[in-house]
Structures are given as C-alpha cells and as structure tokens.
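**Student:** The structure that follows is given in the form of structure tokens.
There are 2 protein chains.
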Amino acid sequence: MSIRVGIFGYGNLGKGVELALQNQPDMQAVCVFTRRDPKSVKTLTGLPVYAAADAANFADKIDVMILCGGSSTDLPVQTPNLGKTICVVDSFDTHARIPEHVQAVEKAAAQAGKTAVVSVGWDPGAFSIARLYSECFLPKGQTYTFWGKGVSQGHSDAIRRVEGVADGKQYTIPVEEALAAVRRGENPELTTRQKHKRECFVVLKDGADAEKVEREIKSMPNYFDEYDTTVHFISQQELNEKHAGLPHGGVVIRSGKTGMNGENNHTVEYALKLDSNAEFTSSVLVAYARAAYKLNAKGVYGCKTALDIPPVDLSFESRDDLLKKLL
Amino acid sequence: MSIRVGIFGYGNLGKGVELALQNQPDMQAVCVFTRRDPKSVKTLTGLPVYAAADAANFADKIDVMILCGGSSTDLPVQTPNLGKTICVVDSFDTHARIPEHVQAVEKAAAQAGKTAVVSVGWDPGAFSIARLYSECFLPKGQTYTFWGKGVSQGHSDAIRRVEGVADGKQYTIPVEEALAAVRRGENPELTTRQKHKRECFVVLKDGADAEKVEREIKSMPNYFDEYDTTVHFISQQELNEKHAGLPHGGVVIRSGKTGMNGENNHTVEYALKLDSNAEFTSSVLVAYARAAYKLNAKGVYGCKTALDIPPVDLSFESRDDLLKKLL
C-alpha cells in the first residue's frame, strides 16, 4: 500500500515536494492545500487543489501532511494545529525557537496518537544529524558549520530594500583560508568576518547613486556590517541570465583528537552542494514523511526530530535489503 | 550512574577503546579480558586484566562489553556467545557476511533480553549511515565510496609475504580525476583501476632482486593486478620514521537529481580523515556501547546496527540539550 501524502502550501517548497514524491516507489501525492483561491492554483503534475481550511477534513484520505509554509508565522500555528488530526512534517528552521515548537507539537500530536516530525531540511535537519554523530564519535573536539556558496534569500531581500536598488542577489561564501585551517585540524577560533564573506549582485534603478548604494549595503547592521562584502553592479539582463537559480549548500566539520595525549587528529566532514535549496529541502521532508508514517504504524506518537529517528525508517527498502546493500 | 564497560581483546582496537572511554563523562572502563596470560598484559591506564574465559561471569559487573577481536574468526563466535549473557558491541566488518552475523547475534541476544550492536566502526558504520541518509534524501542518483588515503593492513601484509621483502607498507589512494568527476555530478561509471591507486613502500632483504619484487607485487591477483601500483624501495629506517602510523579515511559521495526533468543536481559528501584508523573505530564503538545500554534500558532487545539506532541514543547529553544545541 502506498503512503498517501498531502502538500500544505504551494510555494517553492510545496512544488519541490510534489516533484520529489514522483521518485518514491511507496508514496503518492494526493492533493495540495492553499490559502489562495484553489481555482487560481495550477499544480505542476496536475494534483487537485483544495482550500487550506478544509485540510483537517482529509484525515482519512491522507496519511501524512507535509507543511510547506514559512517558519516565522505559518508553521508555529499550522503544525500544532494540523498535528492534532493528522501526521505532519515540517521544516521549521528558526533555530532559537525549535524547543518551544517541539513542545507545542508534542502536546498536540501525542494526545491524538499522531506522529509529527519537525525541523527537517538541511539545516536544521541533515546538518544537525551530522553534528550529533560527529560529536559522539569525537567528544574531544570542535564543530564548525560553514554555509554556502549559496544564495541567502534574507540578504537578497535586504539588498532590494535599499533605496536606488531595482533588483539584487546575495551569495554567502565560506572564507577559504578558514575552511583550510579547520580541515587541517588546527581548531581555530573564528570571528564572523573570518568565516564567511558576502557577494552582492545589484541592479540599480535609473539615476541611482552607485557609491551611496554600495556604502549603504556594506554598512547594514546584522546583515552586512560584520562581513567583508563585495558589491557588483550588473544589468537586469545579466542578473536574470546568470543568477536566476537558488543554489546553496555548506559544510559541517568536526575536528577532534584521540590517543593517550590527544596526539591523533581526525576530521569528519559533511558537505552539501545543492543546485536548488528548496528542492533538496523538499526531498528531505519527503523522506521524513515516510518515517512519520512508519513510526505512527509502530505506535510511536508525538513530536520527533531528525535526531530521534532511526536512519532505517527513512528508506523505502526493507531492513534486510539495507543490511545487505549498505552496511 | 556510570555505564560500566568491559573490553574484550587487547590489541590496537582494545587499547583505543580504553583511551576513548576516558573522554566519556557517563562511562567507565571496568577491565580488560584477554586470551593471553592476564599477568602478561599491562594496560595503558592501569585497568585490571582477566582471562577471556571468565568474561561471562562478569555479567553483573559490566553493562556493555566491547568486543575488539578480528572479523574472520573471533567475532563470528564471540559476539553470539557473549551476547547471550551481556550487552555487546562489535566492529564485524566482513561486509558479505553481515546478514548472517546479525541473525546469529539476534538469536542469542533477543531471547536473553540483551541488546547487541554489531558492525559499527567507520565502514561499516559511519559510512553505512552516510549512504543510507543520502540515498533517502536523493533517491534518483548514484553513490560512490572512495577509501584512503590510508594504510591497508591487508595489502601491507600481502607485500610482506613476497620473497625478498623485509618490510613494507601500502597506501590506498583515491584517483583524483575520478573524485573530481563524481563531485561535479557527472555520475561516471568507474572501473576498479579508475577509482583507486596503490602506493607501496618496500624494504628489501639483503641481496633481493628489486625488479623481481616489484613485478611480483604489481601482478599479485586480487591485491594489486587490477590497480595502478607504484613501488618505492626505501630503507627500514625511512619506513620506521615516515610510515609508522596507521592513518586512513575515505569519502562517501551521493550525487542525485531533482526537478521536473532532473535538471537540478545535488551532491552529499561525507568524508573522514583519520590519523589513527583503530582509535577512530574504537571511538565509534564506545558511542554505540552507550546506545546499547540506553536501548536495553528502554527494553529494546536483540541485534541492532548503525542503521537501526536513533542518533540521539549515541550522546551523553539530554535530548533537550541536543535540541537546543544541535538542531
């Protein structure tokens, strides 16, 4: 029997989930829910579209709902809410608020005998697992996370709010020397500026003052002032042609020591290079939707995260096959 | 309360476990078991040493026994045998025989209400997990494993068996062009020769024929004939000075596609660089010994592998702390 999946929210993430579900032999996409007028939404693969308000009525038609909303206002409400009637998965990524989110969802899901999996994607998610395993394997050491090279949508938005800017895109880039020092096992102490740099591609409005725009971007608090930032002015055409995608990625490195006097150094490195940030996140969501289904079938209820779930539960293959193939 | 750990077998792995246990706030090493005369064994940290034959009598003094024997003849007997009376962990690494090993240990441990964790280390173990996660995240794609740069003890032994060879060491090295093609997402089909090369450092016996030795090494079936092999002749002194360690490592790369027509490429890379093969394996064994203890306390019995165990169970930290810190 196929796992029946609903998609709640139909932006980049929802579309990515729809496409990712096509690669799963044991899952099927049932429909999309939207807060827009359902008639106005056309899905990539022809899935039917319903009003978000009706989602809870689909509890007997959907095994797992994948929530594809934003972390700032959507998910803190939607996940506990839908989690009461259906198994849900989300990519809630406001790191500081994850514990309270987990608590709220736990309360909703556990009582109802539902299984929720929250905060899965690549960070939090794949990177969190990489950190946990490597810290357990090398308890004496240090963990570093570098993001990029990739497009930061928050920083791109910030650029576009600057007066005189017509359009723009920002890349977060790890500083090569810092990465190299970490890989050599030197355990450096790194400031914000030493870890990442920022590169901006900016399209000016007619008559805008380039120097002023550049100064304003580079001095923007929180977003740019603590980084070495480069600003390139380009045409809208060049921006469209060369910077249309939303690639991202990054690396988690644990550098640790073993031996009688810590004389042996080891590094564990987990790196992602993603052409599409949203589509990779969607693929991770789909894998954890399967896990939510399997856990629920085993009677494991409440709110789980990537840290709580056995790897085997993400796979469509049987444990026997995985032992043969992957161990 | 501290988790009490016994060490069964006292070679490189057993010593590594002894040292790794010093870095665990919640575990303590109790003693070592050996098949040698216990009086002849002096441990690095002063642990008491007992006869291997007495191990089963320590069931009430030890929570988990870490088995540090070899995969060819020791573990297939020891793990099911000790697994009947005590929770055990091993690094059984004969890939083709893992399913039958799991079955034998399952039978022993499940009936006895014990928890066994087998085949943990880095491959199988950390690499197996990396393969599983990345295949679940990117079901449309290909997985590559490269080993090295590192010392292969099997190949070093093979060199030393060649007539005229006094001593020798062999490094397995991934072929850079192959790695680069995989990282670019080209999904190449690679032959054995295209993936790895072998570099040998050989000390000749007095009067040995260097050319003949080199020819014999390079043409050795299974070990060298399918690889591009380089042989360097050096002095015993140079071998001792420059090639004393047992470093190893490797990388698992999953390259996969998403999108409407597979237009977006993603790579997930998990890489290890280890100064000491044995000490890293030991550290992984210790982390899974903690997991065996925790699972047993929860009433999860039988034979588990790295694929079956939730990441959170490897850690000495509480789930709440991990959610805060790592997600």
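So the protein sequences, as listed, match chains A and B. Residues 0 to 326 in numbering that gives the first Met the number 0 are what the first sequence lists, from first letter to last. Residues 0 to 326 in numbering that gives the first Met the number 0 are what the second sequence lists, from first letter to last. Beta carbons: idealized from backbone N, C-alpha and C, even for Gly.
Just list the beta strand (DSSP E) runs in the segment 223-277 of chain B, keeping only unbroken ones of 3 residues or longer that don't cross its boundaries, in chain order.
**Tutor:** 227-232, 247-257 and 263-273
**Student:** Taking only beta carbons into account, state which residues of the segment 91-107 of chain A come closer than 8 Å to chain B, listed in chain order.
**Tutor:** H94, I97, P98 and V101
**Student:** What are the boundary residues of the alpha helix (DSSP H) that includes P75/A?
**Tutor:** In the first sequence, counting from the first residue as 1, residue 75/A sits at position 76. Counting along the chain, the alpha helix (DSSP H) containing P75/A begins and ends at L74 to L81.
**Student:** Exposed or buried, which one is G13/B when buried takes at least 16 other CB atoms within 10 Å?
**Tutor:** On the second sequence, position 14 is the one that residue 13/B refers to. Per the 10 Å Cβ criterion, buried.
**Student:** From P79/A to N186/A, what does the alpha carbon distance come to, in whole angstroms?
**Tutor:** Working through the first sequence from its first residue, we reach residue 79/A at position 80. Working through the first sequence from its first residue, we reach residue 186/A at position 187. Taking the straight line joining both Cα atoms gives about 40 Å.
**Student:** Can you list, in chain order, the residues of its chain with a C-beta nearer than 7 Å to that of G112/B? Leave out the 5 residues immediately preceding and following it.
**Tutor:** Residue 112/B sits at position 113 when you count from the first residue of the second sequence. Result list for G112/B: Y300, in chain order.
**Student:** Can you list, in chain order, the residues of its chain whose CB lies under 8 Å from that of I172/B, leaving out five sequence neighbours each side?
**Tutor:** The sequence position of residue 172/B within the second sequence is 173, counting from 1. If we look at I172/B and ignore the five residues flanking it on each side, its Cβ neighbours are G147, K148, H195, K196, R197 and E198.
**Student:** I'd like to check one pair, G8/B with R34/B: are the Cβ atoms closer than 9 Å?
**Tutor:** By one-based count along the second sequence, residue 34/B stands at place 35. By one-based count along the second sequence, residue 8/B stands at place 9. Their beta carbons are under 9 Å apart, which means R34/B touches G8/B by this criterion.
**Student:** Would you mind listing the beta strand (DSSP E) stretches within the segment 140-197 of chain B that are 3+ residues and don't spill past its ends, in chain order?
**Tutor:** Qualifying beta strand (DSSP E) stretches, in chain order: 140-146 and 164-173.
**Student:** Between the segment 99-111 of chain B and the segment 284-292 of chain B, do at least 3 Cβ pairs fall closer than 8 Å?
**Tutor:** no
**Student:** In whole angstroms, what separates the C-alpha of H309/B from that of D307/A?
**Tutor:** As a working mapping, residue 309/B is identified with position 310 in the second sequence. As a working mapping, residue 307/A is identified with position 308 in the first sequence. Here the sequence assigns Pro to residue 309/B, which means His is not the residue at that position. If you take the alpha carbons of P309/B and D307/A, they lie about 5 Å apart.
**Student:** Between which two residues does the beta strand (DSSP E) holding C302/B run?
**Tutor:** Translated into the one-based positions of the second sequence, residue 302/B becomes position 303. G301 to K303 is the extent of the beta strand (DSSP E) around C302/B.
**Student:** For L178/B, which residues in the same chain have their Cβ closer than 7 Å to its Cβ, ignoring the five residues on either side in sequence?
**Tutor:** As a working note, residue 178/B is residue 179 in the second sequence. These residues qualify, in order along the chain: F145.
**Student:** Quick one: which residues of the segment 256-289 of chain B get their C-beta closer than 7 Å to a C-beta of chain E? List them in chain order.
**Tutor:** The structure shown contains no chain E; its protein chains are A and B.
**Student:** Any beta-carbon of chain A closer than 9 Å to the one on L18/B?
**Tutor:** Taking the second sequence and counting its residues from 1, one reaches residue 18/B at position 19. For L18/B, the answer is yes, since a Cβ of chain A falls inside 9 Å of its Cβ.
**Student:** Using beta carbons (cut-off 9 Å, strictly below), is C135/B in contact with chain A?
**Tutor:** Numbered from its first residue, the second sequence carries residue 135/B at position 136. Closer than 9 Å to some Cβ of chain A, the Cβ of C135/B qualifies, so yes.
**Student:** What do you get for T190/A, buried or exposed, if any count of 16 or more other CB atoms within 10 angstroms of its CB means buried?
**Tutor:** Locating residue 190/A in the first sequence gives position 191, counting from the first residue. The residue is exposed, with fewer than 16 neighbouring Cβ atoms inside 10 Å.
**Student:** Rounded to the nearest angstrom, what separates E176/A and G184/A at their Cα positions?
**Tutor:** Taking the first sequence and counting its residues from 1, one reaches residue 176/A at position 177. Taking the first sequence and counting its residues from 1, one reaches residue 184/A at position 185. Approximately 13 Å, taken between the alpha carbons.
**Student:** Which residues of chain B have a Cβ atom closer than 9 Å to the Cβ of A28/A, listed in chain order?
**Tutor:** Residue 28/A sits at position 29 when you count from the first residue of the first sequence. By Cβ distance, chain B contributes nothing, its closest Cβ being about 14 Å from A28/A, past 9 Å.
**Student:** In the DSSP assignment, what are the bridge partners of I65/A?
**Tutor:** To locate residue 65/A, count along the first sequence from 1; it is residue 66. Answer by DSSP bridge pairing, in chain order: I6/A and V88/A.
**Student:** So N22/B contacts chain A; which residues on that side make the cut at Cβ distance below 7 Å?
**Tutor:** Position 23 of the second sequence, counted from the start, is the residue given in the question as residue 22/B. The answer, in chain order, is P138 and K139.
**Student:** Specify the secondary structure class of T114/B as computed by DSSP and reduced to three states.
**Tutor:** Working through the second sequence from its first residue, we reach residue 114/B at position 115. In the three-state reduction of the DSSP assignment, T114/B falls in the strand class.
**Student:** Could you work out which residues of chain B lie near D62/A, taking near to mean beta carbons separated by less than 9 Å?
**Tutor:** Here residue 62/A refers to the residue found at position 63 of the first sequence. By Cβ distance, chain B contributes nothing, its closest Cβ being about 18 Å from D62/A, past 9 Å.
**Student:** If you check the beta carbons only, do A334/A and L271/A fall under 9 Å apart?
**Tutor:** Not covered by the structure: residue 334/A. The range shown for chain A is 0 to 326.
**Student:** How far does the alpha helix (DSSP H) with V212/B in it extend, from its first residue to its last?
**Tutor:** Taking the second sequence and counting its residues from 1, one reaches residue 212/B at position 213. Here the alpha helix (DSSP H) through V212/B covers A209 to K217.
**Student:** What whole-angstrom Cβ distance do I158/B and V164/B have, given they're in contact under 8 Å?
**Tutor:** In the second sequence, residue 158/B corresponds to position 159, counting from 1. In the second sequence, residue 164/B corresponds to position 165, counting from 1. The pair is a contact, with the Cβ atoms about 6 Å apart (cut-off 8 Å).
**Student:** Using a Cβ-Cβ cut-off of less than 7 Å, give me the residues of the segment 288-310 of chain B that come near chain A, in sequence order.
**Tutor:** T304, L306, D307, I308, P309 and P310
**Student:** Assign M259/A to buried or exposed, taking buried as 16 or more other Cβ atoms, counted over all protein chains shown, within 10 Å of its Cβ.
**Tutor:** For this step, residue 259/A is matched to residue 260 along the first sequence. With fewer than 16 Cβ atoms within 10 Å of its Cβ, M259/A is classed as exposed.
**Student:** To which residues does DSSP link M26/B through a beta bridge?
**Tutor:** Mapped onto the second sequence, residue 26/B falls at position 27. For M26/B, which the question treats as bridged, DSSP gives the partners I2/B.
**Student:** So is A54/B buried or exposed if we call it buried at 16+ other beta carbons inside 10 Å?
**Tutor:** Numbered from 1 along the second sequence, position 55 holds the residue referred to as residue 54/B. Counting Cβ neighbours within 10 Å, A54/B comes out buried, since at least 16 surround it.
**Student:** Let me check one thing: in DSSP terms, what residues is F200/B bridge-paired to?
**Tutor:** Position 201 of the second sequence, counting from 1, holds the residue named residue 200/B. Per DSSP, K168/B and H231/B.
**Student:** Hey, how far is the Cα of Q398/B from the Cα of T228/B?
**Tutor:** Chain B is shown from 0 up to 326; residue 398/B falls before or after that span and cannot be answered.
**Student:** Below 9 Å between beta carbons: does that hold for S71/A and T44/A?
**Tutor:** For this step, residue 71/A is matched to residue 72 along the first sequence. For this step, residue 44/A is matched to residue 45 along the first sequence. Not in contact: S71/A and T44/A (Cβ atoms no closer than 9 Å).
**Student:** Quick one: which chain B residues come within Cβ less than 7 Å of K323/A?
**Tutor:** Numbered from 1 along the first sequence, position 324 holds the residue referred to as residue 323/A. What K323/A touches in chain B: P98.
**Student:** For H154/A, count the other beta carbons within 10 Å of its own beta carbon; 16 or more makes it buried, fewer makes it exposed. Which is it?
**Tutor:** Residue numbering aside, residue 154/A sits at position 155 when the first sequence is read from its first letter. Counting every other CB atom within 10 Å of its CB across the protein chains shown gives H154/A a total of 16 or more, marking it as buried.
**Student:** Select from K41/A, V283/A and K297/A the residue whose C-alpha is nearest the C-alpha of C135/B.
**Tutor:** Taking the second sequence and counting its residues from 1, one reaches residue 135/B at position 136. Nearest C-alpha to C135/B: V283/A.
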